[in-house]
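Data block below; observations after.
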Amino acid sequence: MKSRRRALLMGLAAAAAPFVVTRGWAQGPAPFRFALTPVFLDNDAAVISALRAALAEGMGQDIELVQRRTYQEISGALLDGSVDAAWTCGYPYLQHKTELSLLGVPVWRGQPLYQSYLIVAQDDPATALSDLRGGAHAFSDPDSNSGFLVTASDLARDRVRQRGVISVVVPGRHDQAAFGVI
827 MKSRRRALLM GLAAAAAPFV VTRGWAQGPA PFRFALTPVF LDNDAAVISA LRAALAEGMG
887 QDIELVQRRT YQEISGALLD GSVDAAWTCG YPYLQHKTEL SLLGVPVWRG QPLYQSYLIV
947 AQDDPATALS DLRGGAHAFS DPDSNSGFLV TASDLARDRV RQRGVISVVV PGRHDQAAFG
1007 VI
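Its first residue numbered 827, the sequence shown is counted upward by one per residue in my numbering.
In structure tokens form, the structure reads like this:
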């Protein structure tokens, strides 16, 4: 898993290098400012350190990792120029695609596909979305594919949420949403 994550990070850094050079960011002493959302946990120092090292090696310059709480904050930082690039979600990119440039996409099973997990507490018998009627559902960020949009779409399609049987909590981080159900 670690080598796969490192390979992904190195690929991202390699993909970002031409973009950085064309914008002139690779020149001068200022570090490249790369924003992260809470997908990268504050307490996962090893992952954050590996990301910084992979980006620095791939780009040949110092990297400043800037953490923000929400995708909306990340989008704002990209748009106002306070960061040079960011690890963000598809929906925030689509909201601002005329102002932003896409550098890479997630690859799953060799394809640019998307996968998300819906988790329940270990003692919860739910095996389908419809089994969640009457329970609480924790979302992490209203602009996150996995942390809100995919599940909200499925709930709406199955008319679970419209019936008012699921309370919605938005704690702001994927890990907090997970802890909310266990």
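Note that CB positions come from ideal geometry on N, CA and C, so glycine has one too.
In the DSSP assignment, Ile945 falls outside any alpha helix (DSSP H), carrying neither H nor E. Of Leu920, Ala962, Leu928, Arg935, the smallest CA-CA separation from Asp910 is found for Leu928. Leu926 sits in coil when the DSSP states are folded into three classes, being neither helix nor strand. Looking at the backbone, the Cα of Lys923 and that of Val873 are separated by about 28 Å. Counting C-beta atoms within 10 angstroms of its own C-beta, Leu905 has fewer than 16 neighbours from the protein chains shown and is therefore classed as exposed. Per DSSP, Val873 is one residue of the alpha helix (DSSP H) stretching across 871–885.
By a beta-carbon distance limit of 8 Å, Ser942 does not contact Ser901. Their separation comes to about 20 Å.
Under a 10 Å Cβ-count criterion, Thr953 is classified as exposed, with fewer than 16 other Cβ atoms of the shown protein chains found around its own Cβ.
In the DSSP assignment, Leu905 falls within the unbroken alpha helix (DSSP H) covering 897–906. Counting C-beta atoms within 10 angstroms of its own C-beta, Gly936 has fewer than 16 neighbours from the protein chains shown and is therefore classed as exposed. Less than 8 Å divides the Cβ of Asp967 from the Cβ of Tyr897.
DSSP places Gln893 inside the beta strand (DSSP E), whose first and last residues are 889–893.
For Ala856, the secondary structure class from DSSP, reduced to helix, strand or coil, is coil. Annotation: the continuous alpha helix (DSSP H) that includes Ala978 extends over 976–983.
Sorting Asp969, Ile889, Asp870, Phe974 by C-alpha distance to the C-alpha of Ala861 places Ile889 at the top.
Within the same chain, Cβ atoms closer than 6 Å to the Cβ of Ala903 are found at Ala861, Val909, the five residues on either side in sequence being excluded. If you check the CB distance, Ser970 and Cys915 come in under 8 Å.
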